[in-house]
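Engineer:
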Amino acid sequence: AEYFEHVEEAEWAVQVLKTPGKPVCASLCIGPDGDLNGVSPGDCAVRLVKAGANIVGINCHFDPMICVKTVKMMKEGVERAGLKAHYMVQPLAYHTPDCNCQGFIDLPEFPFGLEPRIMTRWDMHKYAREAFNVGIRFIGGCCGFEPYHIRAVAEELATERGYLPAASVKHGNWGAGLEMHTKPWVRARARRDYWEK
Numbered sequence: 001a002e003y004f005e006h007v008e009e010a011e012w013a014v015q016v017l018k019t020p021g022k023p024v025c026a027s028l029c030i031g032p033d034g035d036l037n038g039v040s041p042g043d044c045a046v047r048l049v050k051a052g053a054n055i056v057g058i059n060c061h062f063d064p065m066i067c068v069k070t071v072k073m074m075k076e077g078v079e080r081a082g083l084k085a086h087y088m089v090q091p092l093a094y095h096t097p098d099c100n101c102q103g104f105i106d107l108p109e110f111p112f113g114l115e116p117r118i119m120t121r122w123d124m125h126k127y128a129r130e131a132f133n134v135g136i137r138f139i140g141g142c143c144g145f146e147p148y149h150i151r152a153v154a155e156e157l158a159t160e161r162g163y164l165p166a167a168s169v170k171h172g173n174w175g176a177g178l179e180m181h182t183k184p185w186v187r188a189r190a191r192r193d194y195w196e197k
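Heads up: the sequence shown is residues 1 to 197, going by UniProt numbering.
And the structure:
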């Protein structure tokens, strides 16, 4: 169950999805301010877990770092309540620091002019590491994500996963393919610390 702006709708979905006895994942498209009725992320997560969700999290509407922050708030709420859950995040691939509680829908560029806000593969490395560090284990993407974004997430977590994605053999990580460039100032970009600046 995904893309709910009101926690009560997600609760209903979880209750129905639990009937076959399978694990249930439920995600909301909310930010740190909570759902559209003002229910906090922590309280939303508690309600979803109590309804029977095994995995809770956020998808869409906000950029990766806002979504990770929101899932962290969900996790803290679940832990305060003495409950247990797994956590997921599927953010946008657009920078959205200027969004209100409805996320990117309210941006003047939505939906056809979002390209200037697209995140880089380096942004995705940072996102994957941050998500993993706060305890999120289902890490993906939603609107705007391209294959190179998902590959960057998988590459960042290759040690934890035990392997690199198959497509990684076709390029060097962190600009390593630039090591053979004819211009020395371009060759200098063939390292992680350059791209993380």
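Yeah, the Cβ is synthetic: ideal placement off N, Cα and C, and Gly gets one too.
Remember, predicted model here, so these are calculated numbers, not experimental data.
Whose CA, out of P91, L48, G113, lies closest to the CA of F138?
Structural biologist: If we check each option's Cα against that of F138, P91 comes out closest.
Engineer: Given this structure, state the Cα-to-Cα distance separating A188 from H171, to the nearest angstrom.
Structural biologist: So the two alpha carbons sit approximately 17 Å from each other.
Engineer: Measure how close the beta-carbons of G113 and F62 come, nearest whole angstrom, since I'm counting them as under 8 Å.
Structural biologist: With 8 Å as the limit, G113 and F62 do not qualify as a contact, their Cβ atoms being about 18 Å apart.
Engineer: Spatial neighbours of A152 within its chain, please: CB distance less than 6 Å, with the 5 preceding and 5 following residues excluded, ordered by chain position.
Structural biologist: The answer, listed in chain order, is R121, M124, H125.
Engineer: Could you give the residue range of the beta strand (DSSP E) that holds R57?
Structural biologist: With the sequence shown as reference, residue 57 is identified as Gly, and Arg is not the correct amino acid for it. 55-59 is the extent of the beta strand (DSSP E) around G57.
Engineer: Give the range of the beta strand (DSSP E) segment to which R102 is assigned.
Structural biologist: Per the sequence presented here, residue 102 reads as Gln, with Arg not at that position. That residue, Q102, is in no beta strand (DSSP E); it is neither H nor E in DSSP.
Engineer: For L157, does the three-state DSSP call read helix, strand or coil?
Structural biologist: Three-state result, L157: coil.
Engineer: By the DSSP assignment, the alpha helix (DSSP H) with Y127 in it spans what residues?
Structural biologist: Unbroken alpha helix (DSSP H) run through Y127: 121-133.
Engineer: Between the C-alpha atoms of F132 and C25, what's the straight-line distance to the nearest angstrom?
Structural biologist: Straight-line Cα distance between these residues: approximately 18 Å.
Engineer: Hey, N54 and P23 are a contact pair by Cβ (cut 8 Å); roughly how many whole angstroms apart?
Structural biologist: The Cβ separation is near 4 Å, so the contact holds.
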